[in-house]
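K.L.:
Note that full-length UniProt numbering gives residue 145 to position 145 of the sequence shown, counting from 1, and the numbers run on in steps of one.
C-beta: ideal position from N, C-alpha, C; glycine also.
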Amino acid sequence: MAYLNQQPFVTSRGYCDSFFAESDDDDEIYAVRAEARERARVVARTRQREMAEDLSQMTREEYEEDILDHMENMETETMPDVNSIDIQTEIQWFMRPYLLDFLIEAHHAFQLLPETLFLAVNLLDRYCSRRVVYKRHYQLVGCAALLIAAKYGDRKERVPTIGELRSMCCALYDHDMFTQMEWHVLQTLNWIIGHPTVDNFLQIALAELPEDDPEVEHMSLYI
1 MAYLNQQPFV
11 TSRGYCDSFF
21 AESDDDDEIY
31 AVRAEARERA
41 RVVARTRQRE
51 MAEDLSQMTR
61 EEYEEDILDH
71 MENMETETMP
81 DVNSIDIQTE
91 IQWFMRPYLL
101 DFLIEAHHAF
111 QLLPETLFLA
121 VNLLDRYCSR
131 RVVYKRHYQL
141 VGCAALLIAA
151 KYGDRKERVP
161 TIGELRSMCC
171 ALYDHDMFTQ
181 MEWHVLQTLN
191 WIIGHPTVDN
201 FLQIALAELP
211 EDDPEVEHMS
221 LYI
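#1: With distances taken Cα to Cα, identify the nearest neighbour of L147 among R126, L117, D125.
#2: Which of the three DSSP states is assigned to M168 in this structure?
#3: Below 8 angstroms, how does it come out for the segment 87 to 94 and the segment 171 to 179: are there three or more Cβ pairs, yes or no?
#4: Comparing C-alpha positions only, which one of R45, H70, L99, I193 sits nearest to A150?
#5: For S167, count neighbouring Cβ atoms within 10 angstroms of its own Cβ and tell me buried if that reaches 16, exposed if not.
#6: Do D176 and E115 have their C-beta atoms closer together than 7 angstroms?
#7: State buried or exposed for Y63, treating a residue as buried only when at least 16 other CB atoms are found within 10 Å of its CB.
#8: Are A145 and L112 closer than 7 angstroms when you measure CB to CB?
#9: Straight-line CA distance for I85 to D101?
#10: Drop a sphere of 10 angstroms on the beta-carbon of L68, count the other beta-carbons inside from all chains shown, and report buried for 16 or more, exposed for fewer.
#11: From Q203, R126, T179, G153, pick the residue whose C-alpha is nearest to that of E77; which is it?
#12: So the alpha helix (DSSP H) D86 belongs to, where does it begin and stop?
#13: So the alpha helix (DSSP H) R96 belongs to, where does it begin and stop?
#14: Below 7 angstroms CB to CB, which residues in the same chain sit around T188 once its five sequence neighbours on both sides are set aside?
#15: Nearest-angstrom Cα distance between F110 and L119?
#16: Report the three-state DSSP secondary structure of R130 (helix, strand or coil).
#17: Apart from the five residues just before and just after V159, which ones in its own chain have a Cβ nearer than 6 angstroms to its Cβ?
#18: To the nearest angstrom, how far is it from the Cα of N73 to the Cα of E164?
#19: Please state if the CB of G153 and the CB of L99 are separated by a distance shorter than 7 angstroms.
#20: Cutting at 7 angstroms between CB atoms, please list the residues of its own chain near K156, excluding the five before and the five after it.
#21: Going by beta carbon distance, what residues of the same chain come within less than 8 angstroms of I104, once the five residues before and after it are set aside?
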């Protein structure tokens with residue numbers, strides 16, 4: 001059986017022996033199209049944020065008083081009981097700064113939002129005011145509180161994994177212990193996680209400014 005010799009075809013760039021010819025022009029076209037798509041996505045995201053801010057401004061003016069009342073009620077309901085923590089048999093107040101140092105270090109390592117740390121400390125104290133906590137489990141409770149707070153209000157891609165938390169604890173606890181403690185904290189708090197922190201009240205106060213002032217916002221957050 002005889003095979004026909006395939007003749008090279010002619011393009012604007014001359015003779016080519018392949019039907020899968022690549023050209024610099026194609027690469028430039030793809031790059032231009034990709035850049036245009038990225039610009040369109042940026043514009044769309046910016047527009048969505050602007051619409052969300054406008055809608056938030058409209059609803060804030062209408063429901064601001066109700067929102068503040070609810071936040072004040074939640075603040076009272078979700079405050080820890082210091083007297084109950086005082087009667088803990090094993091953990092003492094002098095241990096708390098060491099645990100907070102650990103949580104701050106973990107919070108920084110995972111690059112979590114500032115309010116996540118505030119909420120984690122609140123969850124920790126609320127749990128300690130309702131349950132007897134053994135000294136050997138104190139750090140585990142702190143890790144569970146940080147994990148719950150991150151899941152509640154932080155970005156999904158920054159939520160620490162149990163493996164990462166276990167590594168920061170020098171493998172002191174098994175994987176199952178983190179899951180069990182997380183569940184126990186949630187059950188103890190009746191699944192009431194949210195707590196209005198100073199950051200939440202500050203955001204409402206900053207929203208009342210006539211116009212955005214980054215200097216005032218950054219200074220208030222710093223203080």
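P.N.:
With the structure as the only source:
#1: Shortest Cα-Cα distance from L147 to any of R126, L117, D125 involves L117.
#2: In the three-state scheme derived from DSSP, where H, G and I count as helix and E and B as strand, M168 is classed as helix.
#3: Segments in contact, no.
#4: Comparing alpha-carbon positions, the option among R45, H70, L99, I193 lying closest to A150 turns out to be I193.
#5: Per the 10 Å Cβ criterion, exposed.
#6: It is not a contact, given that the beta carbons lie outside the stated cut-off.
#7: Only exposed fits Y63, as fewer than 16 other CB atoms lie within 10 angstroms of its CB.
#8: Cβ atoms of A145 and L112: not closer than 7 angstroms.
#9: The alpha-carbon separation between I85 and D101 amounts to approximately 19 angstroms.
#10: The residue is exposed, with fewer than 16 neighbouring Cβ atoms inside 10 Å.
#11: For E77, the closest C-alpha among the options Q203, R126, T179, G153 is that of R126.
#12: Note, D86: alpha helix (DSSP H), 82 to 86.
#13: Residues 96 to 109.
#14: Cβ neighbours of T188 beyond the five flanking positions: Y127, R130, R131.
#15: Taking the straight line from one Cα to the other gives about 15 angstroms.
#16: Correct three-state label for R130: coil.
#17: A150, K151, listed in sequence order.
#18: Those two C-alpha atoms are separated by around 35 angstroms.
#19: Against a cut-off of 7 angstroms, the Cβ pair of G153 and L99 comes out as no contact.
#20: Nothing listed; no residue qualifies.
#21: So the list reads L117, once near-sequence residues are dropped.
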